[in-house]
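Following: one structure in structure tokens, then a few remarks.
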Amino acid sequence: MSQHYPVLLVTVPLLSAFLISISGWLNKRLCFPIAVAALASASFFSAGLLSKVIHKNVVLYRLGGWAPPWGIAYRVDYLNGLVLVVVSLVALINLISTYRSVEREFSEKLGAFYTLYVLFVTGLLGITVTGDAFNLYVLLEIASLTGYGLIAMGEEDRAPLASLNYVYMGTIGACFYLLGIGYLYIVTGSLNMADISAILPSLYQSRAVLSAFIICMVGVWLKMAFFPLHAWLPNAYTFAPSAASSLIAPLMTKVMVYVMLRLMLTVFTPDFVFSAIDINRSIVWLAVIAISMGAILALTARNLKKMLTYIIVAEVGYMVGGAWLGNRAGMTGAILHLVNDALMTLCVFLVVGNIVYRMKGHSFEDLRGLFRKMPFTMGAFAIGALSIIGVPPTCGFFSKWYLLWGGIQAGHYAFVAALLFSSLVNVVLFFRIFEIGYYESPTEAHGGGHSQGSIEEAPLSMLVPLYLVAVGLVVVGLYTGAIVNNVIRLAVPPGIV
Amino acid sequence: METVTSIKPLLAVLVSLAVTPILVSSRSPNVREAWTFVAAAAKFAIVISMLPVILTGTEIVYTVAEFLPGAAIRFRVDALGMLFAIVSSSLWIVTSAYSIGYMRGLNEHSQTRYFCFFALALSATIGVAFSANLLTLYLFYEMLSFATYPLVTHHQDQEARRSGRKYLFYIVGTSIGLVLPAMVIAYNLSGTLEFSSHGFLTGAGSKPLMSLLLILFIFGFAKAAIMPLHAWLPAAMVAPTPVSALLHAVAVVKVGVFSVVRVLTGVFGIDLLHSLNLGPFIALVASVTILMGSFIALSQNELKRLLAFSTIAQLSYIVLGVGLLSPKGITGGLIHIAMHAFGKITLFFCAGAIFVATGKKNISEMVGIGRRMPITMTAFFVASLSIIGMPPCGGFLSKWYLALGSLEAHQMPILLVLLLSSFLNAAYFMPIVYRAFFCGPQESMFESGVKEAPAFCVVPLVITAAVSIVLLFIPQPFYRLATMMVLKITGA
Amino acid sequence: MTQLLSEILTKYNYWIYITLMMIGLYAMIAKNNLVKKIVGMNIFQTAIILFYVSIGSKKGGTIPIIKHDHGAASHVVHAAEYINPLPHVLMLTAIVVSVATLGVALALAIKIYHRYQSLEEDEILAQIREK
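Chains U, W and P, in that order, are what the protein sequence lines are.
The working numbering applies: residue -19 is where the first sequence begins, and numbers increase by one.
The working numbering applies: residue -1 is where the second sequence begins, and numbers increase by one.
The working numbering applies: residue 514 is where the third sequence begins, and numbers increase by one.
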């Protein structure tokens, strides 16, 4: 049984999605339990895979028994083993946490929503687990198409237009990726990542390989909203229904960062990326701009959710920059930040979900007096905010530490400065929110925030998962050493020092 | 150096953290305050129970988690940490009593939140005291910054909002902007963050780089209120007085100074500072702050603001003592942590007691208050003697050692600074005391008759004032701990 | 000049796909009408499908159905005689994807039309700004 985990990871949610779709017609109440079962088993499989990778070695699964490079191979190593666990757990926690808000918002369309939800997660898990470059494209489109649907499903007036813009950009991104893979196929004749990687070294000087690499990267950057290719993200995530945005925001960009890392580390190998072509310093400069602009744009937002989306843009810059520093500390930081940022983003977006559930809005005006009204939600928000700012012992600090260390080792001080700048801006951003929630009362605009108001906290079914995540931020922070030593250290190829 | 492993330091940190859920959940104020006392007493008991071990020269170590080689979340209790922990944990008990008197006396809102964050802040303070490395120190330093924000802005009005912004701007801005990069650079140079008795940066880099790091660290720990990064301290005086008392005379500012001292002794090491000749620079920065702080204090009318500037000046004595790089000077600096704490907290308690009893904040309105509140103002007098550095108060001892240290280091200008500053201290404290007691009945702004603040306010300040006197005659265990620390870091 | 011309002519398939891609991209950026943008997106996708199809073909190659009998009729198979079927097979998937994308995009366009009674982007944005 356990040797089939890699394929079960994708097929179980995939088939469950159909089941949910059917039960949406027959009995709506079955949709949620099936979705939970599907994602819980996915979490189980991915945890099993990670422990297998840690205790034994890389897990290779041949679909239909066909040996690669002819057949499609699923391959789990330290890097995607970790990402799989993060993706499946985040999706599961979010699913449970948003039960109430989904039921309220989509009472008529429960089947459709949960079908798309589970299909989206299927796509992400598939992207992560596959060892085949073309298979990745197909799964990427599964995730994207369902993502467009999820975003457009909400009540928000502007959601369809935001989603359509996302469709354009997402399609261009995926097409670029496909084109890049086409070039790789021309020169290597293979689509299996490991196989391509073995054939490529003699072709490092080829211009076709270079263009394949750049085209793939541009496509992936578009999908992860790397500044200046980020324009689709803020609106799409802001106007999505809260249950969808707290799923998509933590996962989509992170999985795309994973794809970038996979291309850099496995398909093209660090020898090519950092030695054969000399572009890594310029890319880090792009990341510097991404981080700074993300921070500045976040300052202009007058809406909590939009502010958070710009923070995601900045965080993408963290990870791209860390990965392209070309040293072990930076790469470790990027991978660790991928994990941490997924959790942090989940935490703050769940908070937004709770706020929307009670206050029916997420603009700054809706946040007045919130510390009195929803003290527990705001407590969790404070933990999430501290993690995004990078305060120990929350996990955000430790990944930032590695990124800073990598920047100093590489002598890229602009990157270090950008990280510090964005941390400071995050302090401003979050304390602005805290000030609104703390000093201003809902009725009057100014002063006297300590008028007595009743507590209108979110239901327990939303608070418990939220606190699970918030406490998780600290726990993951304390176990950083274990995660780095047992997983990430081995995920970074030995070539990178 | 012998070490033993024990979970006690962690317990000392966690004990106040553990009571916060109880505080949040309890509906009755009495239960809540009883738990605060239990936590404070337990914390003090745990700290004191480690004292005998420390006095034998053994250090207590406990590792929570290691995230990088050389960078762990680890506690190490040594003489310096012990000194600071005793001061802050003992004063928490006193302040808890005072808080009850003050908060109830003024019928303040949100007392639950107040006691919760107070407990959190104390956790962080003890955490800083027991940190074994820069990472742990930074962790608790930041925790303290965020835990004190709701305390500083307790009144939740526009003034509190402004002050809160200023507070965060200075404290968090410098810790993220200066200390964090300095820490990463130091780690990159030496591969460790663990404090050692002779520093870990020896031979790690050139003089310009070391000087840069020193500047980043000294100014980065803005809680030490070294000029020009002192402006948050007077602004933070909008907080309720017990907060100002414990946090802004003892915990927060001392955490800043303690961090600076730790970095100077445990990261750079006295030898390295000697060989790079950076001592005079530190002494200069500290001297400027001492004199400027005292001069500004002279011109203040609001009592708490005056005390704030006095604190800014007095804190730099500690930095100055270490900057002298001589054993006597460092001893003086370290015992000043204790002496100043007891003196200054008494002064703040007095200011609060006056406010509770009469509603007065300004010095110009306190003429003749000595007759109305004789106990309070006597304590005020004793404490100001301690701050000035006159016998029979503990402050004399620390200033004496600082003076000896400047002679030992052949730094005559420093001696002059010390004398001038003591003179200035007298110049701003003595008129208050004089006018409080010695004025004609027609000048007095108060009706005749004794009317003190509630007992919960008065008893604590009498205790701390008495301790200030006792410390001159029995300066143990602080003197012993300071000399042990000096022995360890200078090897002399 | 002639060299450049021959360069273009010998690799005409690539030039065509690039031209198509640019037409599609232009439509997506410059057109105001949402449906025209969607059409541009589809052209963009089709360009890449054509690119894949063209890289699989060979001059003088035939469809990869191998005439291969047992016994005396068996002969050596020359891979060069057959066009490469793999890219074509891949494109079957890509076509499905592109159709699905088109469907989602059109569905969104319908939803937008219901909401704003318009498919012109500037009119929609003006309506949003008014709110």
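Glycine included, each C-beta is placed from N, C-alpha and C at the ideal position.
On a predicted model such as this, the values are computed, not experimentally measured, just so you know.
Name the DSSP beta bridge partners of W/A70, please?
-> Taking the first residue of the second sequence as position 1, residue 70 of chain W is located at position 72. Paired residues: W/E64.
Minimum C-alpha distance to W/K342 - residue among W/R303, W/I268, W/A355 = Against the second sequence, residue 342 of chain W aligns to sequence position 344. Closest by alpha carbon: W/R303.
Determine which residues of the region 172 to 185 of chain W have a Cβ less than 8 Å from any Cβ of chain U, and write them out in chain order.
-> Within the region 172 to 185 of chain W, the residues whose Cβ lies closer than 8 Å to any Cβ of chain U are, in chain order, I174, G175, L178, P179, V182, I183, Y185.
Any chain U beta carbon closer than 8 Å to W/L8 = Translated into positions along the second sequence, residue 8 of chain W becomes position 10. Contacts with chain U at 8 Å (Cβ-Cβ) do not include W/L8.
Closest residue to U/A360 among U/S421, U/L453, U/Y382, U/R412 (Cα-Cα distance) = Residue mapping note: residue 360 of chain U aligns to position 380 of the first sequence, counting from 1. Looking at the Cα atoms, U/L453 is the closest of the given residues.
Can you tell me whether U/G150 is buried or exposed, with buried defined as 16 or more other CB within 10 angstroms of its CB?
-> As a position in the first sequence, residue 150 of chain U is number 170, starting the count at 1. With 16 or more other Cβ atoms from the protein chains shown falling within 10 Å of its own Cβ, U/G150 counts as buried.
State the start and end residues of the unbroken alpha helix (DSSP H) segment that holds W/R260.
-> Stepping through the second sequence from its first residue, residue 260 of chain W is reached at position 262. Start and end: 250 to 260.
List the residues of chain P that U/R261 touches, going by C-beta distances under 7 Å, in chain order.
-> If you number the first sequence from 1, residue 261 of chain U lands on position 281. Taking a Cβ-Cβ cut-off of 7 Å, U/R261 has no neighbours in chain P, whose nearest Cβ is about 29 Å from it.
Nearest-angstrom Cβ-Cβ length linking W/A351 and W/M371, presumed shorter than 8 Å = Numbered from 1 along the second sequence, position 353 holds the residue referred to as residue 351 of chain W. Numbered from 1 along the second sequence, position 373 holds the residue referred to as residue 371 of chain W. Contact flag correct, Cβ pair sits at about 7 Å.
Coarse secondary structure for W/A145, derived from DSSP in three states | Taking the first residue of the second sequence as 1, we reach residue 145 of chain W at position 147. W/A145: helix per DSSP, three-state reduction.
Please check the pair U/N406 and U/I368, which I expect to be a contact at CB under 8 Å, by giving their CB distance rounded to whole angstroms.
-> Taking the first sequence and counting its residues from 1, the one referred to as residue 406 of chain U is at position 426. Taking the first sequence and counting its residues from 1, the one referred to as residue 368 of chain U is at position 388. About 6 Å separates the beta carbons of U/N406 and U/I368, which is inside the 8 Å limit, making them a contact pair.
Let me know the alpha helix (DSSP H) ranges lying completely inside the region 262 to 307 of chain W, each 4 residues or longer, listed in chain order.
-> When DSSP assignments are scanned along the region 262 to 307 of chain W, the uninterrupted stretches of alpha helix (DSSP H) that are 4 or more residues long and fall wholly within it turn out to be 268 to 274, 277 to 296.
If you measure from the beta carbon of P/L603 to each beta carbon in chain U, is any gap under 8 Å?
-> Position 90 of the third sequence, counted from the start, is the residue given in the question as residue 603 of chain P. Interface residue, yes.
Is there at least one Cβ from chain U nearer than 8 Å to P/I510's Cβ?
-> It is not possible to answer for residue 510 of chain P, since the shown part of chain P is limited to 514 through 644.
So W/L271 and W/L210 are in contact, right, with Cβ under 8 Å, and what is the actual spacing, rounded?
-> Counting from 1 along the second sequence, the entry for residue 271 of chain W is found at position 273. Counting from 1 along the second sequence, the entry for residue 210 of chain W is found at position 212. Not really, about 14 Å apart at Cβ, beyond 8 Å.
Candidates P/I562, P/S567, P/K550: which alpha carbon is nearest P/F526's?
-> Along the third sequence, one-based indexing puts residue 526 of chain P at 13. Residue identity differs from the one stated: residue 526 of chain P is Asn in this sequence, not Phe. Answer by Cα proximity: P/S567.
Taking W/I224 and W/L318 to be in contact with their CB atoms under 8 Å, please state how far apart those CB atoms are, rounded to whole angstroms.
-> By 1-based counting over the second sequence, the position of residue 224 of chain W is 226. By 1-based counting over the second sequence, the position of residue 318 of chain W is 320. Rounded, the Cβ-Cβ distance is 10 Å, inconsistent with contact.
Pick out whichever of U/N172, U/S124, U/E436 has its Cα sitting closest to the Cα of U/I152.
-> Working through the first sequence from its first residue, we reach residue 152 of chain U at position 172. The residue from U/N172, U/S124, U/E436 with its alpha-carbon nearest to that of U/I152 is U/S124.
Taking the runs of the alpha helix (DSSP H) that are 4 residues or longer, which of them lie wholly in the region 376 to 444 of chain U?
-> Taking 4 residues as the shortest admissible run, the region 376 to 444 of chain U contains the following complete alpha helix (DSSP H) segments, listed from N- to C-terminal end: 393 to 419.
What do you get for W/E31, buried or exposed, if any count of 16 or more other CB atoms within 10 angstroms of its CB means buried?
-> The residue labelled residue 31 of chain W in the question sits at position 33 within the second sequence. Answer is buried; the Cβ neighbour count reaches 16.
Looking at the structure shown, is W/V2 part of a helix, part of a strand, or coil, going by DSSP?
-> Locating residue 2 of chain W in the second sequence gives position 4, counting from the first residue. Reduced to three states, the DSSP call for W/V2 is strand.
Which residues, in order along the region 178 to 209 of chain U, keep a beta-carbon less than 9 Å from a beta-carbon of chain W?
-> If the cut-off is 9 Å between Cβ atoms, the region 178 to 209 of chain U has nothing near chain W.
Would you tell me roughly how many angstroms separate the C-alpha atoms of W/I472 and W/M428, rounded to the nearest one?
-> Translated into positions along the second sequence, residue 472 of chain W becomes position 474. Translated into positions along the second sequence, residue 428 of chain W becomes position 430. For W/I472 and W/M428, the distance between alpha carbons rounds to 26 Å.
W/L553 versus W/T344 - alpha carbon distance = For residue 553 of chain W there is no data in the structure shown, the boundaries of chain W being -1 and 490.
Roughly how many angstroms separate the alpha carbons of U/F356 and U/G134, rounded to a whole number?
-> Indexing the first sequence from 1 puts residue 356 of chain U at position 376. Indexing the first sequence from 1 puts residue 134 of chain U at position 154. So the two alpha carbons sit approximately 26 Å from each other.
If you run the structure through DSSP and keep just helix, strand and coil, what is P/E634?
-> Within the third sequence, residue 634 of chain P is the residue found at index 121, counting from 1. Of the three classes helix, strand and coil, the one that applies to P/E634 here is helix, per DSSP.
So which residues of chain U does P/T614 contact, with C-beta pairs closer than 9 Å?
-> Numbered from 1 along the third sequence, position 101 holds the residue referred to as residue 614 of chain P. Listed by position along chain U, the residues whose Cβ is nearer than 9 Å to that of P/T614 are E121, S124, L125, Y128, V147, G150, T151, A154.
Give a yes or no on contact between the region 550 to 567 of chain P and the region 601 to 610 of chain P, applying the rule of three or more CB pairs nearer than 8 Å.
-> Yes: the two stretches touch, three or more of their Cβ pairs being nearer than 8 Å.
Going along chain U, which residues have a C-beta under 7 Å from P/Q558?
-> The residue you call residue 558 of chain P lines up with position 45 of the third sequence. Within chain U, the residues near P/Q558 are T151, C155.
Where the beta strand (DSSP E) through U/A53 begins and ends = Counting from one through the first sequence, the residue named residue 53 of chain U turns up at place 73. Following the DSSP letters along the chain, one finds U/A53 inside the beta strand (DSSP E) bounded by residues 53 to 56.
Using 8 Å as the Cβ pair cut-off and three pairs as the minimum, do the region 39 to 53 of chain U and the region 406 to 416 of chain U touch?
-> With a cut-off of 8 Å, the region 406 to 416 of chain U and the region 39 to 53 of chain U do not count as touching, because too few Cβ pairs lie within range.
What do you get for W/F86, buried or exposed, if any count of 16 or more other CB atoms within 10 angstroms of its CB means buried?
-> Your numbering for residue 86 of chain W matches position 88 in the second sequence. What sits at residue 86 of chain W in the sequence shown is Ser, not Phe. Around the beta-carbon of W/S86, 16 or more other beta-carbon atoms lie within 10 Å, marking it buried.
Note down, in chain order, every chain P residue with its Cβ under 9 Å from the Cβ of U/A132.
-> Here residue 132 of chain U corresponds to residue number 152 of the first sequence, with the count starting at 1. Contact annotation for U/A132 against chain P: V617, A620, L621, K624 [CB-CB distance below 9 Å, chain order].
Please list the partners that U/S403 has in chain W, where partner means a Cβ-to-Cβ separation under 7 Å.
-> Position 423 of the first sequence, counted from the start, is the residue given in the question as residue 403 of chain U. Neighbours of U/S403 on chain W, chain order: I174.
Answer with yes or no whether the minimum CB distance from U/F344 to chain W is below 8 Å.
-> Your numbering for residue 344 of chain U matches position 364 in the first sequence. Not closer than 8 Å to any Cβ of chain W, the Cβ of U/F344 fails to qualify, so no.
When the Cα of U/L399 is compared with those of W/G125, W/P179, W/F378, which residue comes out closest?
-> Position 419 of the first sequence, counted from the first residue, corresponds to residue 399 of chain U. U/L399 has its Cα closest to that of W/P179, out of W/G125, W/P179, W/F378.
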